[in-house]
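K.L.:
The structure's right below; bear with me while I get my questions together.
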Amino acid sequence: MDDATLTTGLDTRTGVSPEPARRLEVFSGTVGRRRSWTVEQKLAIVAEAQHCDNLTALAQRHDIRTSQLYTWRRELRYALEAQRGSMDAEPMFVPVVADNARRSDVAIEVEIDGAVIRIGRTAKADLAAAVVQALRSAR
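Numbering (our numbering), first residue to last: 1 to 139.
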């Protein structure tokens, strides 16, 4: 290639003519395809993953991405937790743990879902009842 054919320092043409492409090629491989899976198929693959040491190999065997397998596992876990939550709608009692390091002015301490409510000895009864009522209505 001689210097006369280059118009700028960024011209990288190597003798290719500016003719339009004459042939159009369509790729129809696995790229971009969307498949729909039934719930039974998803459950079968996730159940198989429970006893599998190599999830990547399992995903390749079923021609899915590993991230899809992790997503199905997470969705199943959420569904099971939601089902368990609806079955356990009644409040449950937890064992009382005595801790002498607590402040002496706390008479009642209630912990629900990580939230701790402490009612002091000098609190009025209507305040304690309002706290208990609020906890009941929140559930």
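Quick reminder that beta carbons are idealized off the backbone N, C-alpha and C, glycines included. Keep in mind that this is a model prediction, so the values were computed, not measured.
1) Considering only the beta carbon of each residue, do Ile45 and Leu80 sit closer than 9 Å?
2) Considering only C-alpha positions, which residue in the set Glu40, Ile117, Ala107, Gly85 is nearest to Trp72?
3) Can you round the beta-carbon distance between Val142 and Gly120 to whole angstroms, since I take them to be within the 8 Å contact cut?
4) On the criterion of 16 or more Cβ atoms from any shown chain inside 10 Å, does Leu6 qualify as buried, or is it exposed?
5) Which term fits Leu127, buried or exposed, when burial requires 16 or more other beta carbons within 10 angstroms of its beta carbon?
6) For Val26, which three-state DSSP category applies?
7) Take Leu135 as the anchor and find which of Glu111, Gln83, Lys124, Gly85 has the nearest alpha-carbon.
8) Who are the Cβ neighbours of Thr56 in its own chain at under 6 Å, not counting the five residues just before and after it?
9) Take Leu76 as the anchor and find which of Ala47, Ile108, Asp53, Asn54 has the nearest alpha-carbon.
10) Starting from Ile45 and walking both ways along the alpha helix (DSSP H), at which residues does that stretch end?
P.N.:
Reading off the structure:
1) Residue mapping note: residue 45 aligns to position 45 of the sequence shown, counting from 1. Residue mapping note: residue 80 aligns to position 80 of the sequence shown, counting from 1. No; because the gap between Cβ atoms is not below 9 Å, this pair is not in contact.
2) By one-based count along the sequence shown, residue 72 stands at place 72. Of Glu40, Ile117, Ala107, Gly85, the residue nearest in Cα terms is Glu40.
3) Because residue 142 is not part of the residues shown, which for the chain are 1 to 139, the question remains open.
4) Your numbering for residue 6 matches position 6 in the sequence shown. Any reading at Leu6 must be qualified, since the residue scores a pLDDT of 49, below 50, and its modelled position is unreliable; no value is offered.
5) Within the sequence shown, numbered from 1, the residue matching residue 127 stands at position 127. Under this definition Leu127 is an exposed residue.
6) Counting from one through the sequence shown, the residue named residue 26 turns up at place 26. Judged by DSSP in its simplified three-state form, Val26 adopts coil rather than helix or strand.
7) Taking the first residue of the sequence shown as position 1, residue 135 is located at position 135. Among Glu111, Gln83, Lys124, Gly85, the Cα nearest to that of Leu135 belongs to Glu111.
8) The residue labelled residue 56 in the question sits at position 56 within the sequence shown. Result list for Thr56: Thr66, in chain order.
9) Working through the sequence shown from its first residue, we reach residue 76 at position 76. Closest option to Leu76, Cα to Cα, is Ala47.
10) On the sequence shown, position 45 is the one that residue 45 refers to. Note, Ile45: alpha helix (DSSP H), 39-50.
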